[in-house]
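For the protein sequence lines, the chains are A and B, in the order given. Using numbering that gives the first Met the number 0, you'd call the opening residue of the first sequence number 0 and step up by one each time. Using numbering that gives the first Met the number 0, you'd call the opening residue of the second sequence number 0 and step up by one each time. From the three backbone atoms N, C-alpha and C, an ideal C-beta is built for every residue, glycine too. No experiment lies behind these values; they were computed from the predicted model shown. Take a look at the structure below.
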Amino acid sequence: MSTTITPASKKVNRIGLEVLNYKGSKTTLCAGCGHNAISERIVECFYELGIEPWSVAKFSGIGCSSKSPAYFLGQSHGFNSVHGRMPAVATGAMLANRTLLGLGVTGDGDTASIGLGQFMHMVRRNVPLIYVIENNGVYGLTKGQFSATADVGSTLKTGAPNQLPPFDCCALALQWGATFVARSFSGDKKQLQSLLKAAIAHNGLTVIDVISPCVTFNDHDGSTKSYSYVKDHEEALHELDFVPFFEDISVEIKEGEVRDVALHDGSHLKIRKLAREYDPTDRMAALNALEQAEAKGEVLTGVLYVNTTRPNFIDVLNLVDQPLATLPESVVRPTRAALNEIMEELR
Amino acid sequence: MSTLEVSPLAPSSGASGQPKTNDFSIQVGTVNGSGSQTANTVLLRTIFQMGIPVSGKNMFPSNIAGLPTWFTIRASQQGYIGRRKEIDFLVAMNPETAREDVMNLQPGAAVVYDEPLQLRALRDDLHFYPVPFDKLVAPVCPDAKLRKLVRNMIYDGVVAWLLSLEMAEVRNALVKQFGKRKAKAAELNWGAAQAGYDWAAQTLTKTDPYRAERMNATTGKVIIDGNAACALGAMFAGVTVVTWYPITPSSSLVESLIGYAKRYRHDPETGKATYAIVQAEDELASIGMALSAGWAGARSMTATAGPGISLMSEFIGLGYYAELPVVIFDIERVGPSTGLPTRTAQGDILTNAILSHGDTRHPMFFPCSPEECFSMSMEAFEFAEQFQTPVFVMSDLDLGMNSWMADPFPYPEKPIRRGKVLSAEDLEKLGSFARYKDVDGDGIGYRTLPGTKHQAAAYFTRGSGHNEKAQYTEREDDYIHNMERLAHKFETMRSHVPAPLVRINDRAKIGFVAVGTSDYAVRESCDQLRQEYDIETSYMRLRAYPFTPELKDFIQRHERIYVVEQNRDAQLLSLMRLEYEPELIAKLRSVRYFGGMPLDARTVTDEVVRQERK
Chain A
0 MSTTITPASK
10 KVNRIGLEVL
20 NYKGSKTTLC
30 AGCGHNAISE
40 RIVECFYELG
50 IEPWSVAKFS
60 GIGCSSKSPA
70 YFLGQSHGFN
80 SVHGRMPAVA
90 TGAMLANRTL
100 LGLGVTGDGD
110 TASIGLGQFM
120 HMVRRNVPLI
130 YVIENNGVYG
140 LTKGQFSATA
150 DVGSTLKTGA
160 PNQLPPFDCC
170 ALALQWGATF
180 VARSFSGDKK
190 QLQSLLKAAI
200 AHNGLTVIDV
210 ISPCVTFNDH
220 DGSTKSYSYV
230 KDHEEALHEL
240 DFVPFFEDIS
250 VEIKEGEVRD
260 VALHDGSHLK
270 IRKLAREYDP
280 TDRMAALNAL
290 EQAEAKGEVL
300 TGVLYVNTTR
310 PNFIDVLNLV
320 DQPLATLPES
330 VVRPTRAALN
340 EIMEELR
Chain B
0 MSTLEVSPLA
10 PSSGASGQPK
20 TNDFSIQVGT
30 VNGSGSQTAN
40 TVLLRTIFQM
50 GIPVSGKNMF
60 PSNIAGLPTW
70 FTIRASQQGY
80 IGRRKEIDFL
90 VAMNPETARE
100 DVMNLQPGAA
110 VVYDEPLQLR
120 ALRDDLHFYP
130 VPFDKLVAPV
140 CPDAKLRKLV
150 RNMIYDGVVA
160 WLLSLEMAEV
170 RNALVKQFGK
180 RKAKAAELNW
190 GAAQAGYDWA
200 AQTLTKTDPY
210 RAERMNATTG
220 KVIIDGNAAC
230 ALGAMFAGVT
240 VVTWYPITPS
250 SSLVESLIGY
260 AKRYRHDPET
270 GKATYAIVQA
280 EDELASIGMA
290 LSAGWAGARS
300 MTATAGPGIS
310 LMSEFIGLGY
320 YAELPVVIFD
330 IERVGPSTGL
340 PTRTAQGDIL
350 TNAILSHGDT
360 RHPMFFPCSP
370 EECFSMSMEA
380 FEFAEQFQTP
390 VFVMSDLDLG
400 MNSWMADPFP
410 YPEKPIRRGK
420 VLSAEDLEKL
430 GSFARYKDVD
440 GDGIGYRTLP
450 GTKHQAAAYF
460 TRGSGHNEKA
470 QYTEREDDYI
480 HNMERLAHKF
490 ETMRSHVPAP
500 LVRINDRAKI
510 GFVAVGTSDY
520 AVRESCDQLR
530 QEYDIETSYM
540 RLRAYPFTPE
550 LKDFIQRHER
560 IYVVEQNRDA
570 QLLSLMRLEY
580 EPELIAKLRS
590 VRYFGGMPLD
600 ARTVTDEVVR
610 QERK
């Protein structure tokens with residue numbers, strides 16, 4: 000008896016790449032770390048949208064979160080830089096090559112403590128970048144100290160309570176003029192996917208604060224960044240569906256009251272109303288909602304604010320369309336006549 | 000005004016018989032913010048346009064308005080353009096400092112001063128020329144608000160008459176200074192200069208010996224400050240990303256670049272910029288952006304001074320270890336901490352050589368003139384990309400912010416080379432690459448740029464331990480191997496950095512070694528030592544770190560080496576100590592000055608003579 004084996008055709012995306020092309024090296028973070036789930040979402044999103052891996056540049060600072068860019072998009076250049084200084088590093092690379100798709104991954108120590116100043120100025124500039132904060136309220140690599148996003152009264156593993164109020168990175172970003180601000184939870188697969196895809200399509204900076212529990216140092220009962228706390232207190236503002244530019248907009252949208260956000264590359268974010276009225280283009284409403292949620296101990300997730308009209312930093316600088324990095328000599332070195340003219344003026 | 004006040008007595012000492020032609024220094028003492036810069040520049044330019052070698056140095060306070068400031072101009076037919084301590088010709092406009100300025104003069108010096116200051120009573124060995132500035136300015140400047148500014152042009156006229164400067168050149172200098180668009184301001188100032196000249200001609204009797212006479216030693220030359228020259232070097236090197244944070248004395252470097260780039264670096268059709276200049280929020284950000292832009296393939300730079308260097312330290316270590324090209328212009332100023340922000344020094348040599356924690360070594364280029372600011376800036380960009388590492392261009396406030404004569408800069412004839420960068424086509428042939436592998440034996444690996452369209456292009460850049468393939472590692476053999484390769488790369492640099500310039504005198508037992516702006520004082524000191532003390536000297540001006548083998552030869556062939564530098568702790572000499580064997584180190588002596596003024600020859604000569612007589 001003979002059988003003919005037909006090789007199962009490998010699954011590829013719209014540019015003919017397998018999901019393997021989007022994976023990185025094996026994670027060295029703890030099993031169950033929220034950051035690993037975020038890495039998986041990144042792999043899925045870039046694969047599903049058919050982004051060329053070599054067009055992406057990954058950036059990070061220092062910390063557990065900042066190690067993670069090694070664990071996704073192995074065919075993209077990555078830069079694991081200096082504690083708290085990823086915004087500058089991402090900005091410099093985007094200035095050098097505006098055609099890159101910038102993806103930054105950082106933590107709450109990186110962003111809200113040592114790097115708060117750089118975070119502010121990156122927001123102010125509206126650098127075209129996806130800025131993912133893997134927020135667990137704790138320093139993992141140095142074994143469990145509070146970060147500046149830890150809530151008042153939440154406790155360390157040792158039982159010591161945090162006495163200072165937290166920085167809410169989303170509220171800060173809103174105040175400083177961010178053009179896309181969202182919060183999510185590493186355990187909310189669908190919402191995080193939609194947000195990441197929308198961030199890829201957004202022209203400008205996207206700040207996504209993802210509560211990403213630390214299973215080793217901050218997943219106990221007294222923590223407000225534990226899996227169980229976030230599951231119990233997550234309050235989704237809405238349901239999100241992302242429709243990429245290459246798909247028919249009419250498909251797969253559930254019924255209900257839907258707000259459509261047209262994004263820069265022709266993609267759409269469909270925001271379907273849940274229990275409450277929420278306008279994600281109203282910045283003051285977003286700040287109010289965050290304030291109220293904090294008072295109630297809720298973790299408000301979804302698109303807090305989006306502004307698709309403000310130009311990004313590269314646009315403001317009026318740079319040529321080609322990457323500055325590889326402009327030819329004929330463009331970057333002025334002529335002999337130019338030097339002669341300058342010298343004549345100095346005589 | 001009394002007749003006595005305007006008819007100066009000949010000083011009792013300091014014979015005025017022998018005229019001193021084209022060899023004098025002028026010091027103008029004014030108040031910061033009084034608009035004297037124009038008058039001083041016009042004076043400088045007038046002498047320059049008369050073909051006489053000249054230099055101008057601005058001694059200014061860290062202040063916007065109200066504190067004393069001095070401008071010194073040195074004319075020298077021998078071509079000495081370093082600072083001279085002795086002032087021959089004082090223009091005393093600042094009541095706060097006039098008395099002290101007068102008391103500091105050598106006998107025989109001349110003093111032009113604002114009449115109400117009544118300085119002539121102070122000494123009887125100087126030539127005094129009181130000038131009634133307020134009376135002279137009123138008729139030529141009806142607008143009272145402008146008088147404070149225009150007043151200064153009157154001393155230009157008075158000095159022009161006293162020194163026999165050509166008024167036609169004063170006028171040319173004014174036109175140059177104001178340009179065609181400000182013709183009205185030029186005319187107003189010209190009127191003031193003429194009034195000063197005419198008044199002096201009618202009223203004063205010249206008793207001092209100083210005078211100018213036309214030469215042809217400046218034909219074809221330009222006047223420029225070192226910061227503008229560095230900016231031009233950067234622009235013609237094809238810089239594309241400039242990120243900076245303002246700090247004295249480096250700010251005018253980037254501001255010059257902004258001005259030139261606006262004129263010459265926009266696409267003629269679209270008007271879009273072929274460069275990005277970004278004022279960052281601090282030096283941590285400016286160096287972070289510049290390094291990362293270099294990582295992504297741009298020719299990138301930042302400009303700063305000592306306090307900025309301190310802040311950049313961590314990132315520079317990353318640049319060394321992750322091997323990222325960037326050019327850092329360090330326009331040195333005085334002091335640890337804030338120090339004296341508006342005074343000059345060579346105080347960052349040792350710091351920059353080993354900036355950041357752990358084992359690091361960084362190349363430094365030392366320009367001494369505007370010509371070298373231009374050429375070395377271009378070389379620094381080539382070098383940074385060739386060696387994939389941060390490169391320091393070590394200028395200082397004296398070079399960066401003062402006006403210097405220079406030969407016009409030659410157009411760069413060599414094409415721009417971008418170092419070892421693999422393209423997608425290269426990768427297609429190679430199949431793969433290892434970022435930190437020493438393929439060519441020079442310690443320099445091959446890199447790829449983000450955005451390179453190839454599946455094998457990507458690698459992971461990190462400041463943590465990495466192996467040849469840029470993978471994370473904590474293995475001791477990987478770490479040692481990589482650090483030894485970096486040390487080897489640094490050794491390779493020795494044959495690629497700008498070579499020293501050396502003048503060997505076969506009769507000399509002693510030699511000078513110096514860098515940067517110490518050059519002017521050292522060259523003049525060599526002449527002083529020969530003429531006044533019969534001491535012959537050789538001289539090597541180093542132009543880069545790491546040191547090249549010529550330095551060792553130079554030390555070997557002399558009995559004693561005087562290392563001249565503008566810092567307290569003999570930083571350049573200390574770097575030599577790190578490399579050489581005890582016999583060579585024993586020959587090294589130190590001449591140091593760190594008071595913040597540009598180094599002068601007399602200071603060097605006196606110190607060498609003191610040590611030689613021991």
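Using three-state DSSP, classify residue i as helix, strand or coil.
i, result
"residue 267/A", "strand"
"residue 397/B", "helix"
"residue 226/B", "helix"
"residue 74/A", "coil"
"residue 175/A", "coil"
"residue 73/B", "strand"
"residue 218/A", "coil"
"residue 470/B", "coil"
"residue 8/B", "In this prediction, residue 8/B has a pLDDT of 47, which is less than 50 and means its spatial position is unreliable; what the coordinates show is noted afterwards. In the structure shown, residue 8/B sits in coil (DSSP, three-state: anything other than H, G, I, E or B)."
"residue 62/B", "coil"
"residue 330/A", "helix"
Based on DSSP bridge pairs, tell me the residues matched to residue i.
i, result
"residue 354/A", "Because residue 354/A is not part of the residues shown, which for chain A are 0 to 346, the question remains open."
"residue 278/B", "243/B"
"residue 389/B", "325/B"
"residue 103/A", "58/A and 130/A"
Leaving out five residues before and five after residue i in sequence, what residues of the same chain have Cβ atoms less than 7 Å from its Cβ?
i, result
"residue 132/B", "113, 150 and 153"
"residue 22/A", "42, 71 and 73"
"residue 264/A", "200 and 244"
"residue 267/A", "242, 248, 259, 260 and 261"
"residue 318/B", "290, 325, 388 and 389"
Skipping 5 residues on each side, what residues in its chain have a beta carbon closer than 6 Å to that of residue i?
i, result
"residue 147/A", "111, 112 and 166"
"residue 286/B", "301, 311 and 314"
"residue 306/A", "178"
"residue 3/B", "Unreliable positioning characterises residue 3/B in this predicted model, as indicated by a pLDDT of 37, which lies under 50. The coordinate reading is nonetheless provided below. Excluding positions up to five away in sequence, the list is empty."
"residue 592/B", "565, 598 and 602"
"residue 139/B", "190, 191 and 194"
"residue 445/B", "419, 421 and 432"
"residue 62/A", "106, 108, 109 and 140"
Do residue i and residue j have their CB atoms nearer than 8 Å?
i, j, result
"residue 346/B", "residue 357/B", "no"
"residue 137/A", "residue 216/A", "yes"
"residue 31/B", "residue 55/B", "no"
"residue 92/A", "residue 291/B", "yes"
"residue 99/A", "residue 196/A", "no"
"residue 91/B", "residue 100/B", "yes"
"residue 247/B", "residue 304/B", "yes"
"residue 184/A", "residue 214/A", "no"
"residue 37/B", "residue 164/B", "no"
Given the structure, does residue i come close to the ligand NAD, in the sense that its CB is under 7 Å from one of the ligand's heavy atoms?
i, result
"residue 224/B", "This structure simply doesn't include the ligand NAD, nor any ligand for that matter."
Excluding the 5 residues preceding and the 5 following residue i in the sequence, name in chain order all residues of the same chain whose CB lies nearer than 8 Å to its CB.
i, result
"residue 508/B", "535, 557, 558 and 559"
Check each residue of the stretch 330-341 of chain A: if its Cβ is closer than 7 Å to any Cβ of chain B, include it; give the result in chain order.
330, 331, 332, 333, 335, 337, 338 and 341
Residues, ordered as in the chain, of the stretch 221-237 of chain B that lie near chain A by beta-carbon distance below 9 Å
221, 222, 223, 227, 231, 234, 235, 236 and 237
Against chain A: residues of the stretch 275-303 of chain B by CB proximity under 9 Å
275, 276, 277, 279, 280, 281, 283, 284, 285, 286, 287, 288, 289, 290, 291, 292, 293, 294, 295, 296, 297, 298 and 299
Residues of the stretch 304-327 of chain A in Cβ contact with chain B at a cutoff of 7 Å, in chain order, please.
Residues are counted here when their Cβ sits less than 7 Å from a Cβ of chain B; for the stretch 304-327 of chain A these are 316, 317, 318, 319, 322, 323, 324, 325 and 326, given in chain order.
Quick one, which residues of the stretch 169-196 of chain A are near chain B if we go by CB-CB under 9 Å, in chain order?
none
Contacting positions in the stretch 421-454 of chain B - beta carbon closer than 7 Å to chain A
448, 449, 450, 451, 452, 453 and 454
Contact residues within the stretch 75-87 of chain A, judged by C-beta distance below 9 Å to chain B
If the cut-off is 9 Å between Cβ atoms, the stretch 75-87 of chain A has 75, 76, 77, 78, 79, 80, 81, 82, 83, 84, 85, 86 and 87 near chain B.
Contact set between the stretch 108-121 of chain A and chain B, restricted to residues whose Cβ is under 7 Å from the partner
Using a CB distance below 7 Å, the part of the stretch 108-121 of chain A facing chain B consists of 116, 117 and 120, ordered along the chain.
Please identify, using Cβ separations under 8 Å, the residues of the stretch 370-395 of chain B that lie next to chain A, in order along the chain.
none
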